[in-house]
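Since the structure comes first, as structure tokens, the remarks are kept for the end.
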Amino acid sequence: MATVTSTPDLLHDTLPDGSAPVKDSYLSNSRGFISWAFTLDHKRIGVMYLVGVMSAFFLGGVLALGIRWHLWAPEGALLMQTDAVGEATSNNDLYNQFFTLHGAIMVFLFIIPSIPAALGNFLVPVMLGAKDVAFPRLNLCSFYLWVGGAVFFLLALLTNGLDTGWTFYTPYSTTTDTSVIAATFGAFVLGFSSIFTGLNFIVTVNTMRPPGMTWFRMPLFLWATYSTSIIQVLATPVLGITLLLLIAERVIHIGIFDPAYNGDPVTFQHFFWFYSHPAVYIMILPALGIISELISVHSHKGIFGYRFIALSSVAIALLSFLVWAHHMFTSGMSEVATVIFSALTFTVSVPTAIKMFNWLATLYKGSISLNTPMCYALAFMFLFAIGGLTGLFLGTLSTDLHLHDTYFVVAHFHYVMMGGTLVAFLGGLFHWWPKMTGKMFNDLWGRISALVVFVGFNLTFFPQFIMGSRGMPRRYATYDPEFQYLHQWSTIGAFLLGVGLLIAAVVLFASLWRGRRAPMNPWGGATLEWHCSSPPPYYNFARPPIVGDPYNFDTVKYDPRIDGYYLTEPDHFADEDDHH
Amino acid sequence: MATTAPAAEQKTHADAHHGHAGHHEHPAFLAHHFDTPEQQFDSGKLGIWVFLVTEVLFFSGLFVAYAIFRSLRPEVFEYASQFLNTKLGAINTGVLLFSSLTMAWAVRAAQMEQHKLLVGLLAATLGCAAIFLGVKTIEYSHKWDLGLLPAAWYSYDPNAPHPEGLSPYLFWLCLVPGLILIGLCLWYGLAILRKKTFQAQVSAPLITVAACFFVGVGLGMLLESEAESHAGDHASHGAAHAAADHDGGHAVAAEEGGHEPLVHPVLGPLPGVASSGETEVLQRLASDQLNSGLRSELSALASQAELSSSPVDNAPPVGGLPTISRPEINPNRTDYAGVFFGIYYFMTGLHALHIIGGIIALTWLLVRAVRKDFLRQYFGPVDYVGLYWHLVDLIWIYLFPLLYLIGGPAGS
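Going down the list, the sequences are from chains A and B. Take 1 as the starting number for the first sequence in the numbering used here and just add one per residue. Take 1001 as the starting number for the second sequence in the numbering used here and just add one per residue.
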């Protein structure tokens, strides 16, 4: 254990740490399948989550490409069947199953756990300066709940499929004979995985902070994760009970949602969106946290408006509970309710815009290095701005009546979820990859992947704004020929996007075999995870870390011998260190 | 390699532990990643509170569903609620309140290191939980016998003869606790024979607990049959049930509502409306000046009816105007009372699952208490389970009046 050090004063004479081989990192301190399957180490659990969510993303992505391929021609191109006359026609049921499973897998298995569970598990304790999360066993339990939920989703996929749309709206979901129960039970189990992760992070941040780590010295990623955890803990149980009621509706017909028994389907929509709108912020808030880190580190400039960004995360978390009914403007609510929810929806744009402007102010006069993570971060800002601004059209009652359930909505939430969360996730993955694996990737190809993803993404989804505003409804397997050229652009873009993601995957995988050893601090970050070696030792810190300003880059110096940075600590920290 | 890995990891833990925190006093109960027992206790306490918040929100969805459907059909809720046995509900409320007392006392005993008292109090709490489930078993099986089931299977017939003898459902519900009781007795016998004191000390209180379940069943049967004999004077069982605890008048009328022709949609003020259960309840509710929502709804219905009965509207319109109608309802119809019972079974069933979860947690505490694990500096688990138990109790405190105590007195 003692071979790994993060002693700051070692750096002046000998080669900085990180260039020497790490003998006892969390990856190598024990071996074998069992040592991973029953590990309580948050870093290993984070890595297992990473493998899991990326597999889910791959599955969901393949389904997405299937959808786009099918929409190449107005009468359908991929998912075909032969009708009685012997002609090939679009297999609409199969198409319904494709988009349903694409949505359900991407939302429940990928986006919600991606940043908090995979990157968050790895980073939260390290950034905080703790040895582990507060409840390591619960953490492992969360992971296996995720696996269990994924198994139920696969069961649904392999048995009867699922064709309700990822929202499981009643009354269709209580009458269809596809595997609604397997999928909703899977989502229920995944909900508990999410709740326990959130609970763990809340307690960890509250009780595991080392001396000196005050609330306003926490990195912004932790603020974002903390806010996310609040939503996970408060909103997810409501989804849990909603899905249980739906299952009960199907199994014992309790009659709450089913109009055949005098139930009320709109109640289901309220219940569902009471969770699922805050869940949108479960998906995007951690991404905003990643971007705050990336923008600051790669501009080598302290973050502008730290407290505003930190508190705007909390504000978004609280506001997220007040806007759920904007998904239901056309469901027959009272006019008063729609006006109130529309007005509340606009308030969310205030804290979001605060973040955006603070990032721009951080970039201003920064010394920007266009590394791969920074390329993704800049792509995020562009895409998320479009996604956010088009949200205003949908929050406005009069325009929403026209745009509801069209491709405009599809494009909007893909700009936010994929252009926002996925791109930020990739940026974060590239940013912390050297820390997680101890290997540097090929930066040139990384940047190329960012460019291809950016171009492919816009090519896929920008035409969908146009289609939607012209009235192309979502979730249809066939369409009017006047939309064909737009659909074809979109399909070409989707495959280009697939190529971009493939490049990113190859860059990361290749680094495992061919990458050079990562220095302790390749980007010049000042937060605590850069104080420990790459990859970190089992206990994260060989001795209690010294907590300073997470965005003070004056103490971070470049060393060309290791092509990385090292931390020069002010003297009074060294004195303080002696007391430990 | 793989088989030796856990040992290797264990070793690394120990090494790491000595490596960086060797000069700390690290007692056995303190997990490796905490620095002090206080930090561990605070983390656990915050964790359980956050968990309880999620539990409250978990149930909140059900309370909202209850509020929606009760406000839509208040008369159905009042009608169907009469089938719930208030005495049994009240007994269960008392039992749970008492168990909260023993639980809180158990936390105190753990803090004071009174090991024997702690075991006794945990067993008492477990016994109360078992009595609760026993009474609930009688309530459930009795309703299933009568066909008081969720919407799709609701088959209650007020005129059907009351099923005689023991319920077949009761047998199946008692099967698992019965097997557990037999298993525990066998375990105790074996432990005595093989002179395993620890196992005997654990299994003896658990036998008492399992027996408490059957105490609850017996108690339930006694009170349920008392209600039956009270109702024996009445001709039909439906009336009997309605009269068991409350005034049955309007319920009987409501049951007969199904045989009458449909009456005019407007309630109360208009002449010629049959005296049905619905109108009676609605009128009583509307007589309250504070109930402005219902009053304005009724007056709106009245003016609507006035408009639709005027000659202009009665003339056949060109395109065919949609007719406004609110059919007279019979609260006993599947799709009305069935929704109440759907909500009833879901809420009480989920609560019962939480009781079972509590029983598992308390049993784990009991085993550890016999082992004398809990110390002055380490009583966290007792405290956490205690908090959970109080929440389960609290939820019942809300369920009891909301489900059992609605309607009644104002009508009698």
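Don't be surprised by glycine CBs; every beta carbon is placed ideally from N, CA and C. The structure presented is a predicted model; accordingly, all values stated were derived computationally and were not measured.
* is_contact[residue 1060 (chain B), chain A] using C-beta, thresh 8 Å -> Position 60 of the second sequence, counted from the start, is the residue given in the question as residue 1060 (chain B). Taking Cβ atoms only, chain A reaches closer than 8 Å to residue 1060 (chain B), which makes this a yes.
* **Where residue 220 (chain A) falls: helix, strand or coil (DSSP)** => In the first sequence, counting from the first residue as 1, residue 220 (chain A) sits at position 220. The three-state secondary structure of residue 220 (chain A), taken from DSSP, is helix.
* Asked: When you compare each of A:546, A:304, A:395 to residue 358 (chain A) by their alpha carbons, which one comes out closest?
  -> Within the first sequence, numbered from 1, the residue matching residue 358 (chain A) stands at position 358. Of A:546, A:304, A:395, the residue nearest in Cα terms is A:304.
* Asked: Using the beta-carbon of each residue, which ones in chain A are nearer than 8 Å to residue 1068 (chain B)?
  -> By one-based count along the second sequence, residue 1068 (chain B) stands at place 68. Within chain A, the residues near residue 1068 (chain B) are 264, 267.
* From A:105, A:130, A:144, pick the residue whose C-alpha is nearest to that of residue 49 (chain A); which is it? -> Stepping through the first sequence from its first residue, residue 49 (chain A) is reached at position 49. Comparing Cα-Cα distances from residue 49 (chain A) to each of A:105, A:130, A:144, the minimum goes to A:144.
* Asked: Quick one: what does DSSP say residue 169 (chain A) is sitting in, helix, strand or coil?
  -> Position 169 of the first sequence holds residue 169 (chain A). Three-state DSSP puts residue 169 (chain A) in coil, outside helix and strand.
* If you drop the 5 nearest sequence neighbours on each side, which residues of the same chain put their C-beta closer than 6 Å to that of residue 1163 (chain B)? -> Here residue 1163 (chain B) is taken as the residue at index 163 of the second sequence, counted from 1. 1145, listed in sequence order.
* Asked: Between which two residues does the beta strand (DSSP E) harbouring residue 556 (chain A) extend?
  -> The count along the first sequence starts at 1 and reaches residue 556 (chain A) at position 556. For residue 556 (chain A), the enclosing beta strand (DSSP E) begins and ends at 556-559.
* **Three-state secondary structure (DSSP) of residue 521 (chain A)** => As a first step, residue 521 (chain A) must be located in the first sequence, where it is residue number 521. Strand at residue 521 (chain A).
* To do: Round the Cβ separation of residue 438 (chain A) and residue 514 (chain A) to the nearest angstrom and send it over; I've been treating them as touching at under 8 Å.
  => Taking the first residue of the first sequence as position 1, residue 438 (chain A) is located at position 438. Taking the first residue of the first sequence as position 1, residue 514 (chain A) is located at position 514. At roughly 13 Å, the Cβ-Cβ gap does not stay under 8 Å, so residue 438 (chain A) and residue 514 (chain A) are not in contact.
* Taking residue 266 (chain A) as the reference, which of A:292, A:290, A:331 has the closest Cα? -> Residue 266 (chain A) sits at position 266 when you count from the first residue of the first sequence. The candidate whose alpha carbon is nearest that of residue 266 (chain A) is A:331.
* Could you work out which residues of chain A lie near residue 1081 (chain B), taking near to mean beta carbons separated by less than 7 Å? => Position 81 of the second sequence, counted from the start, is the residue given in the question as residue 1081 (chain B). What residue 1081 (chain B) touches in chain A: nothing, since even the nearest Cβ is about 16 Å away.
* **is_contact[residue 1292 (chain B), chain A] using C-beta, thresh 8 Å** => Taking the first residue of the second sequence as 1, we reach residue 1292 (chain B) at position 292. No, its Cβ sits nowhere closer than 8 Å to a Cβ of chain A.
* Asked: Hey, how far is the Cα of residue 581 (chain A) from the Cα of residue 412 (chain A)?
  -> Absent from the structure is residue 581 (chain A), since the part of chain A shown begins at 1 and ends at 580.
* Asked: Looking at the structure shown, is residue 985 (chain B) part of a helix, part of a strand, or coil, going by DSSP?
  -> Residue 985 (chain B) is absent from the structure shown; chain B starts at 1001 and stops at 1412.
* To do: Under 8 Å Cβ to Cβ from residue 178 (chain A), same chain only, skipping five residues before and after it: list those, please.
  => To locate residue 178 (chain A), count along the first sequence from 1; it is residue 178. Contacts found: 97, 156, 160, 161, 162, 163, 164.
* Apply the 10 Å Cβ neighbour rule to residue 529 (chain A) and answer buried if 16 or more other Cβ atoms are within range, or exposed otherwise. => Position 529 of the first sequence, counting from 1, holds the residue named residue 529 (chain A). It is buried - the Cβ of residue 529 (chain A) has at least 16 other Cβ atoms within 10 Å.
* Cross-chain neighbours of residue 1037 (chain B) in chain A, by beta carbon under 8 Å -> Residue mapping note: residue 1037 (chain B) aligns to position 37 of the second sequence, counting from 1. Going along chain A, no residue has its Cβ under 8 Å from residue 1037 (chain B), so there is no contact; the nearest lies around 12 Å.
* In chain order, what residues of the same chain have a beta carbon less than 8 Å from the beta carbon of residue 36 (chain A), not counting five sequence neighbours either side? -> For the purposes of this step, residue 36 (chain A) is taken as the residue at position 36 of the first sequence. Cβ within range, chain order: 44, 48.
* Could you tell me the distance, in whole angstroms, from the CA atom of residue 342 (chain A) to the CA atom of residue 1286 (chain B)? => Taking the first sequence and counting its residues from 1, the one referred to as residue 342 (chain A) is at position 342. Taking the second sequence and counting its residues from 1, the one referred to as residue 1286 (chain B) is at position 286. Distance between the alpha carbons of residue 342 (chain A) and residue 1286 (chain B): 34 Å.
* To do: Consider the Cβ of residue 135 (chain A): report whether some Cβ of chain E lies at a distance smaller than 8 Å.
  => The chain inventory of the structure shown lacks chain E, comprising the protein chains A and B.
* **Member of B:1395, B:1152, B:1109 whose CA lies at the smallest distance from the CA of residue 257 (chain A)** => Taking the first sequence and counting its residues from 1, one reaches residue 257 (chain A) at position 257. Of B:1395, B:1152, B:1109, the residue nearest in Cα terms is B:1152.
* Backbone CA spacing between residue 1088 (chain B) and residue 1353 (chain B) [nearest angstrom] -> The residue you call residue 1088 (chain B) lines up with position 88 of the second sequence. The residue you call residue 1353 (chain B) lines up with position 353 of the second sequence. If I take the Cα positions, the gap works out to 19 Å.
* Of all the CB atoms in chain A, is at least one closer than 8 Å to the CB of residue 1162 (chain B)? -> For the purposes of this step, residue 1162 (chain B) is taken as the residue at position 162 of the second sequence. No - not a single Cβ of chain A is within 8 Å of the one on residue 1162 (chain B).
* With C-beta atoms as the reference, is residue 1367 (chain B) less than 8 Å away from residue 1217 (chain B)? -> Along the second sequence, read from residue 1 onward, the residue named residue 1367 (chain B) stands at position 367. Along the second sequence, read from residue 1 onward, the residue named residue 1217 (chain B) stands at position 217. Against a cut-off of 8 Å, the Cβ pair of residue 1217 (chain B) and residue 1367 (chain B) comes out as no contact.
* **Members of the stretch 318-331 of chain A that neighbour chain B once the beta carbon cut-off is set at 7 Å** => none
* Asked: Is there contact between the stretch 104-111 of chain A and the stretch 50-60 of chain A, where contact requires at least three CB pairs shorter than 8 Å?
  -> Yes, since at least three Cβ pairs between the stretch 104-111 of chain A and the stretch 50-60 of chain A fall closer than 8 Å, the two stretches touch.
* Could you pull the start and end residues of the alpha helix (DSSP H) that residue 1384 (chain B) belongs to? => Position 384 of the second sequence, counted from the start, is the residue given in the question as residue 1384 (chain B). Counting along the chain, the alpha helix (DSSP H) containing residue 1384 (chain B) begins and ends at 1380-1404.
* Does any C-beta atom of chain B lie closer than 8 Å to the C-beta of residue 65 (chain A)? -> For the purposes of this step, residue 65 (chain A) is taken as residue 65 along the first sequence, with counting starting at 1. Residue 65 (chain A) does not count as touching chain B.
* Asked: If you draw a straight line from the C-alpha of residue 459 (chain A) to the C-alpha of residue 489 (chain A), how long is it?
  -> Taking the first residue of the first sequence as 1, we reach residue 459 (chain A) at position 459. Taking the first residue of the first sequence as 1, we reach residue 489 (chain A) at position 489. Their Cα atoms are separated by approximately 7 Å.
* Asked: Got a sec? Which residues, its chain only, sit under 8 Å from residue 1110 (chain B) by beta carbon, not counting five neighbours each side?
  -> Here residue 1110 (chain B) refers to the residue found at position 110 when the second sequence is read from its first residue. Contacts found: 1118, 1369, 1374, 1379, 1382, 1383.
* Asked: Whose CA, out of B:1391, B:1344, B:1095, B:1150, lies closest to the CA of residue 988 (chain B)?
  -> Residue 988 (chain B) is absent from the model: chain B starts at 1001 and stops at 1412.
* Any chain B beta carbon closer than 8 Å to residue 3 (chain A) -> What you label residue 3 (chain A) is simply residue 3 of the first sequence in a count that begins at 1. A caution first: residue 3 (chain A) carries a pLDDT of 40, below 50, which makes its placement in the model unreliable, though a value can still be read off. It does not: the Cβ of residue 3 (chain A) has no partner Cβ on chain B nearer than 8 Å.
* To do: Identify the continuous alpha helix (DSSP H) that holds residue 296 (chain A) and give its terminal residues.
  => Sequence index remark: in the first sequence, residue 296 (chain A) carries index 296 (1-based). First-last of the alpha helix (DSSP H) with residue 296 (chain A): 265-299.
* What span of residues does the alpha helix (DSSP H) with residue 1082 (chain B) cover, start to end? -> The residue given as residue 1082 (chain B) occupies position 82 in the second sequence. No alpha helix (DSSP H) contains residue 1082 (chain B), which DSSP labels as neither H nor E.
* Asked: Using a Cβ-Cβ cut-off of 6 Å (strictly less than) and excluding sequence neighbours within five positions of residue 606 (chain A), which residues of its own chain qualify?
  -> As displayed, chain A neither begins before 1 nor continues past 580, which places residue 606 (chain A) out of reach and without an answer.
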